[in-house]
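Beneath this line is the structure, given in structure tokens, with notes to follow.
Numbering (the numbering used here), first residue to last: 46 to 221.
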């Protein structure tokens, strides 16, 4: 059997990836799986995200930490998000004050911290105040409001939602 020169060279120079040991692999599992089984991971992350989620939230993406103390109290009164209908399989999020110009989104749990986000087209078109005459226009307006959402809860009163590989949106819970 003839061995290629490339294969022979590969055998002579071991890959750095193989220099890792079980301790490094174990550390990775601890970071991303919490040192648990797949079932425990799913339960832990979804339970953590869904706990104490109901309430009034405000989007703080783009606000620097040096401005947080002055901006946050005002932002809670402007255009908050309301999270309700929290259950073991998801939750509802409504943006906009009471009235007819609101966006209703539902987040259905897929696994762990991965959810499916669905938002009615008419809600987003009306909320944005655009004149979407065709079905195509409506789909474009709504393209970032439906799909996969990865949700992280780094603190009890902070939720980060990243939709369809977009920029993560940071939400902070307003005082009751």
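Think of the CB as a built atom: it goes at the ideal place given N, C-alpha and C, for glycine as much as any other residue.
A quick note: this is a predicted structure, and the numbers were derived from the prediction, not measured.
Which same chain residues, not among the five before or five after residue i, have their C-beta less than 8 Å away from its C-beta?
i, result
"residue 211", "189"
"residue 155", "161, 193"
Report all residues from its chain with a CB closer than 7 Å to the CB of residue i; omit the five preceding and five following residues, and keep chain order.
i, result
"residue 217", "102, 103, 105, 117, 202, 203"
"residue 186", "169, 170, 173, 175, 177"
"residue 146", "171, 172"
"residue 52", "With a pLDDT of 49 at residue 52, under the threshold of 50, the modelled position of this residue cannot be trusted, and the question is left open."
"residue 157", "86, 87, 90, 91"
"residue 209", "189, 192, 193"
"residue 46", "At residue 46 the pLDDT is 49, less than 50, meaning the model places this residue with poor confidence; the figure from the coordinates comes in the next sentence. Nothing listed; no residue qualifies."
"residue 97", "201"
Assuming residue i and residue j are in contact, meaning their beta carbons sit under 8 Å apart, how far apart are those beta carbons, in whole angstroms?
i, j, result
"residue 159", "residue 193", "7 Å"
"residue 152", "residue 132", "With a Cβ gap of about 11 Å, residue 152 and residue 132 do not count as contacting."
"residue 99", "residue 129", "6 Å"
"residue 94", "residue 198", "5 Å"
Between which residues of its own chain and residue i is the CB-CB distance below 6 Å, once the five residues before and five after are set aside?
i, result
"residue 119", "none"
"residue 213", "205, 207"
"residue 215", "105, 106, 205"
"residue 150", "138, 162, 164"
"residue 140", "126, 148"
"residue 220", "none"
Looking only at DSSP bridge pairs, what is residue i linked to?
i, result
"residue 149", "139"
"residue 101", "127"
"residue 216", "104, 204"
"residue 132", "135"
Can you tell me where the alpha helix (DSSP H) with residue i in it begins and where it stops?
i, result
"residue 199", "Looking at the DSSP string, residue 199 is not in any alpha helix (DSSP H); the run it does join, the beta strand (DSSP E), is 192-200."
"residue 94", "83-95"
Kindly indicate the opening and closing residues of the beta strand (DSSP E) around residue i.
i, result
"residue 108", "Here residue 108 belongs to no beta strand (DSSP E), and DSSP marks it neither H nor E."
State yes or no: is the C-beta of residue i nearer than 7 Å to some heavy atom of the ligand FMN?
i, result
"residue 151", "Annotation note on the ligand FMN: not contained in the displayed structure, which lists no ligands."
Just to confirm the assignment: which complete alpha helix (DSSP H) runs, minimum length 4, are found wholly within the segment 152-192? 166-173, 180-186
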